[in-house]
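Residue 119 in UniProt numbering sits at position 119 of the sequence shown, and the numbers go up by one each step.
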Amino acid sequence: MRTTVGIIGAGPAGLLLARLLHNAGIDSVVLESRDRQYVEQRQRAGILEQGTVDVLRAAGAGTRMDREGLRHDGIELRFDRRRYRVDFPALTGGRSVTVYAQTEVCKDLIALQLKEGGPLLFGAEALAVEGAGTDRPRVRFRHQGREDVLECDYVVGCDGSWGVARRAVPAELVRVYERTYPFGWLGVLADVPPSHDELVYARHDRGFALLSMRSTSVSRLYLQVPEGTDAGSWDDDAIWAELERRFETGDGWRLERGPITQKSVTPMRSFVQEPMRYGRLFLAGDAAHIVPPTGAKGLNLAVGDVVTFARALTRLTETGSADLLDAYSETCLRRVWQAERFSYDMTTLLHRAPDATPFEDRLQLARLERVTASRAAATDLAEAYTGFPLD
Ligand SMILES: Cc1cc2nc3c(=O)[nH]c(=O)nc-3n(C[C@H](O)[C@H](O)[C@H](O)COP(=O)(O)OP(=O)(O)OC[C@H]3O[C@@H](n4cnc5c(N)ncnc54)[C@H](O)[C@@H]3O)c2cc1C
């Protein structure tokens, strides 16, 4: 099998890249180790930055998102039983975000790819990337019980945090920057309309809580829990009671309960592997970097990477200039590190470390007070939340 761009992974990064390349007249093959149902149902991100929305729309993948996505013009910060709204358009000159689940983005892109794009093979597990430093990189993979080879001009590793692509970069060239957090998120999906029409980020002495949504009838709620918590150890009543405690306000606001349909625990991690390119192998999305989900940046960063790659390869094809391709790693990393910084800031602003001292608690509250009292501080948060430029 032979193609111009071999893409490993059919998460948002790989699927969108295949679509962008198709639109630019560049052929690709996508290898995905899991089956279609799994990819379409894996609950993860839900907040699309303005730039991500614009990219999906321009790629011809925005029809359902425009119909069903929910535009959000702000978030609420909750602490000390008080509420403060961060108004995005007022602080950023009109920017907003859109609530549209990652599962739906993937479904839309898969449908388009199968209808008019290049091959997308489910159940095709990449085993290794070979010859990344040569002009003829190859992906060895297993599909339907047989081993095969995909010969490529370029390979893009969009295979997430546990993929194989990044292992093809020689160890002596790799730089890894990493931080783990001593807590995770217990996330639930519940069949109940969201109790607030925007996301609520709550800082509480018992830990962080987030009220989010997937649609007008499905709530997505998170609780900070100790690292290593088993989701099964929390029964539904205990989850609702804890959410009520952490979201409590002094003005009588109420959290509506409903049937919980899914429960899982996500660990929290910051991670960057540099460089994001080795020879003809490019890393994109979670394959190169992870952010804790507090800043809602992971999917949006993945989009930024593949837009950068598609633009660079299109330029090479159209003009013969490899300048953008040569700058790929540096261009992506500038955005990545801004997102790492913001995600870290949001995480440490809102979560309670198990060993937090009273001094640190007071500092955290002072940082939150600052956002509510200073337009400059609120603008900094709003600009980062609605997204960093894609160029
Ligand atoms: C609970 C949670 C909440 C989140 N909330 C947000 C949010 O609100 N906003 C946001 O922007 N981000 C959020 N994120 C992060 C976001 O989901 C990820 O950053 C995003 O999925 C990255 O996309 P990706 O395509 O790079 O990787 P992935 O989505 O991980 O896709 C990688 C794909 O590669 C496949 N694969 C792996 N190994 C191989 C192999 N060897 N061969 C073939 N295929 C392989 C995998 O099966 C997978 O389909 C959240 C994440 C979690 C866990």
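Yeah, the Cβ is synthetic: ideal placement off N, Cα and C, and Gly gets one too.
Between which two residues does the beta strand (DSSP E) containing Lys263 stretch? Within the sequence shown, the letter at position 263 stands for residue 263. Looking at the DSSP string, the run of the beta strand (DSSP E) that includes Lys263 is Ile260 to Glu274.
For Asp148, which beta-bridge partners are listed by DSSP? In the sequence shown, counting from the first residue as 1, residue 148 sits at position 148. Asp148 pairs with Phe141.
Select from Leu15, Leu70 and Gly118 the residue whose C-alpha is nearest the C-alpha of Ile110. Position 110 of the sequence shown, counted from the start, is the residue given in the question as residue 110. The residue with the shortest Cα to Cα distance from Ile110 is Leu15.
Which value, in whole angstroms, describes the spacing of the CA atoms of Pro354 and Pro182? In the sequence shown, counting from the first residue as 1, residue 354 sits at position 354. In the sequence shown, counting from the first residue as 1, residue 182 sits at position 182. About 7 Å.
Could you please give the first and the last residue of the uninterrupted alpha helix (DSSP H) stretch that includes Phe247? Counted from its first residue, the sequence shown places residue 247 at position 247. Taken as a continuous stretch (DSSP letters only), the alpha helix (DSSP H) holding Phe247 covers Asp236 to Phe247.
Is Thr180 a contact residue of ligand 1, with contact defined as CB to any heavy atom under 7 Å? On the sequence shown, position 180 is the one that residue 180 refers to. No, Cβ of Thr180 sits at least 7 Å from all heavy atoms of ligand 1.
Which word fits Thr347, buried or exposed, when buried means at least 16 other C-beta atoms lie within 10 angstroms of its C-beta? Reading the sequence shown from its first residue, position 347 is the one you call residue 347. Label assigned to Thr347: buried.
Just the Cα atoms here: how many angstroms apart are Pro89 and Glu49? Here residue 89 refers to the residue found at position 89 of the sequence shown. Here residue 49 refers to the residue found at position 49 of the sequence shown. Their Cα atoms are separated by approximately 13 Å.
Residues that DSSP places opposite Phe282 in a beta bridge: Translated into the one-based positions of the sequence shown, residue 282 becomes position 282. BP columns for Phe282 point to Val156 and Arg277.
On the DSSP letters alone, give me the boundaries of the beta strand (DSSP E) that Ser219 sits inside. Position 219 of the sequence shown holds residue 219. Taken as a continuous stretch (DSSP letters only), the beta strand (DSSP E) holding Ser219 covers Ser219 to Pro226.
For His72, which of Arg83, Gly94 and Arg81 has the nearest alpha-carbon? Taking the first residue of the sequence shown as position 1, residue 72 is located at position 72. Ranking the options by Cα distance to His72, first place goes to Gly94.
Kindly indicate which residue of Met276, Gly207, Asp251 and Val188 has the alpha-carbon position closest to the one of Asp237. The residue you call residue 237 lines up with position 237 of the sequence shown. Nearest C-alpha to Asp237: Val188.
Buried or exposed: where does Ser219 fall if 16 or more other Cβ atoms within 10 Å of its Cβ makes it buried? One-based indexing of the sequence shown puts residue 219 at position 219. Looking at its Cβ environment, which holds 16 or more other Cβ atoms inside 10 Å, Ser219 is buried.
Go through the stretch 15–48 residue by residue and report every complete run of the alpha helix (DSSP H) that reaches 4 residues or more, in order. 36–41
Once DSSP output is grouped into helix, strand and coil, what is the label at Val303? Position 303 of the sequence shown, counting from 1, holds the residue named residue 303. Helix.
Counting contacts by CB-CB distance shorter than 8 Å, is Tyr84 in contact with chain D? No chain D is part of this structure, which consists of one protein chain only.
When the distance is taken between beta carbons, is Arg246 closer than 8 Å to His204? Residue 204 sits at position 204 when you count from the first residue of the sequence shown. Residue 246 sits at position 246 when you count from the first residue of the sequence shown. In this structure, Arg246 lies closer than 8 Å to His204 by Cβ.
Grab me the residues of Gly279's own chain with a C-beta within less than 6 Å of its C-beta, minus the 5 sequence neighbours each way, in chain order. The residue given as residue 279 occupies position 279 in the sequence shown. For Gly279, where only same-chain residues beyond five positions count, the Cβ hits under 6 Å are Ala132 and Gly133.
Could you please give me the residues that DSSP links to Phe79 through a beta bridge? Residue 79 sits at position 79 when you count from the first residue of the sequence shown. Looking at the DSSP assignment, Phe79 forms a beta bridge with Arg82 and Arg203.
Check each candidate in Gly184, Arg42 and Leu281 and name the one with the smallest Cα separation from Leu210. In the sequence shown, the residue the question calls residue 210 occupies position 210. Leu210 has its Cα closest to that of Gly184, out of Gly184, Arg42 and Leu281.
For the beta strand (DSSP E) containing Arg71, name the first residue and the last one. Along the sequence shown, one-based indexing puts residue 71 at 71. Segment Leu70 to His72, the beta strand (DSSP E) holding Arg71.
What's the call for Phe322, buried or exposed, on a 16-neighbour Cβ count within 10 Å? Indexing the sequence shown from 1 puts residue 322 at position 322. This sequence places Ala at residue 322; Phe is not what is there. So Ala322 counts as exposed.
At a threshold of 7 Å, does Arg44 count as lining ligand 1 (C-beta to nearest heavy atom)? Within the sequence shown, numbered from 1, the residue matching residue 44 stands at position 44. Correct: Arg44 has its Cβ closer than 7 Å to ligand 1.
So does Ser33 have its beta carbon nearer than 7 Å to some heavy atom of ligand 1? Mapped onto the sequence shown, residue 33 falls at position 33. Yes, ligand 1 has a heavy atom inside 7 Å of this Cβ.
Are the stretch 188–198 and the stretch 305–325 touching, with three or more C-beta to C-beta distances below 8 Å? no
What three-state label does DSSP hand Phe359 in the structure shown? Reading the sequence shown from its first residue, position 359 is the one you call residue 359. The answer is helix: DSSP assigns Phe359 an H, G or I state.
In the DSSP output, what is Glu130 paired with across the bridge? Indexing the sequence shown from 1 puts residue 130 at position 130. In the DSSP output, where bridge partners are listed per residue, Glu130 has Arg138.
Per DSSP, which residues does Tyr177 bridge with? Please list them. Along the sequence shown, one-based indexing puts residue 177 at 177. Answer is Val272.
Inspect the beta-carbon positions of Thr386 and Val97 and report whether they are closer than 8 Å. For the purposes of this step, residue 386 is taken as the residue at position 386 of the sequence shown. For the purposes of this step, residue 97 is taken as the residue at position 97 of the sequence shown. Yes, the Cβ-Cβ distance between Thr386 and Val97 is below 8 Å.
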